[in-house]
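Down below is the structure, laid out as C-alpha cells.
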Amino acid sequence: MSNIERHSHWQNIYQTKGERDVSWFQESPRISLDLIRETGAKTDAPIIDIGGGASRLVDALLNAGFERITVLDLADKALAMAKARLGARSTKVKWIAADVTTWEPPQLYEVWHDRAAFHFLSWLIRRIAPPMPSGCCELCVPEGM
Ligand SMILES: C[S@@+](CC[C@H](N)C(=O)[O-])C[C@H]1O[C@@H](n2cnc3c(N)ncnc32)[C@H](O)[C@@H]1O
36 MSNIERHSHW QNIYQTKGER DVSWFQESPR ISLDLIRETG AKTDAPIIDI GGGASRLVDA
96 LLNAGFERIT VLDLADKALA MAKARLGARS TKVKWIAADV TTWEPPQLYE VWHDRAAFHF
156 LSWLIRRIAP PMPSGCCELC VPEGM
C-alpha cells in the first residue's frame, strides 16, 4: 500500500464511522495507562501516542496529570474527533497529522506508546530489520504483526 493509499484508507474509516463504531474502540484504555505509569515517567515527561487515532488514551493521560502529551496520526479526521471530544482541554496537547514512516521527530520522547498502529507496518519492520537466517523471518516477524 502506498503512503497515499494508506492515508485515504484511514481517513475514510474515520470519515464514515463514529468513534464507537470501530472494532478497536475502548471506553477506558486502562492497560495502556498502567503500562505508561509502569515506565516511571513523571507527569512532565514528553509522551507520544503513535497512531493514536481518536483514542481516549489522551483523555486518560490528561486526567492523570501528564502535561507534555503528543498524539500523532495519519488521519487528521481522527485527531479532529479527539480534539472535539476534549474541547478546550485539547489545547494542552500537541497534535501531529503525519505518517510515522516518514515523520522526523523534532525532539526526544520519554515514552512512545503504540496500540495497534505498528501492527500495520510489518512491511517496514521487514525492510529495516537486519537480515535473518533463512527460515527465521516468519518466527521473528509473524505475518500481521
Ligand atoms: C487500529 S487504529 C488504533 C488507534 C488507537 N491507537 C487506539 O488504540 O484506539 C490504528 C491507527 O493507526 C493509524 N495509522 C496507521 N498507519 C499509520 C502511519 N503510517 N502513521 C501514523 N498513523 C498511522 C491509523 O490512522 C489509526 O488511527
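In terms of our numbering, the numbers along the sequence shown are unbroken and rise by one, the last being 180. Note that beta-carbon positions come from the ideal geometry of N, C-alpha and C, so glycine has one too. Since the structure is predicted, the reported quantities are computational estimates derived from the model, not experimental observations.
- Here the distance from the Cβ of residue 105 to the nearest heavy atom of ligand 1 is not below 6 Å.
- The C-beta of residue 150 has 16 or more other C-beta atoms within 10 Å across all chains shown, which makes the residue buried.
- DSSP, reduced to helix, strand and coil, places residue 74 outside both helices and strands of the structure shown, so it counts as coil.
- For residue 127, there is no enclosing beta strand (DSSP E), since its DSSP letter is neither H nor E.
- Here the segment 134-143 makes no contact with the segment 89-97; the two share fewer than three CB pairs at distances below 8 Å.
- Within the same chain, Cβ atoms closer than 6 Å to the Cβ of residue 135 are found at 85, the five residues on either side in sequence being excluded.
- Note on geometry: alpha-carbon atoms of residue 110 and residue 123 lie some 21 Å from one another.
- For residue 105, DSSP records a beta bridge to 83, 129.
- Residue 76 places its beta carbon 7 Å or farther from that of residue 128.
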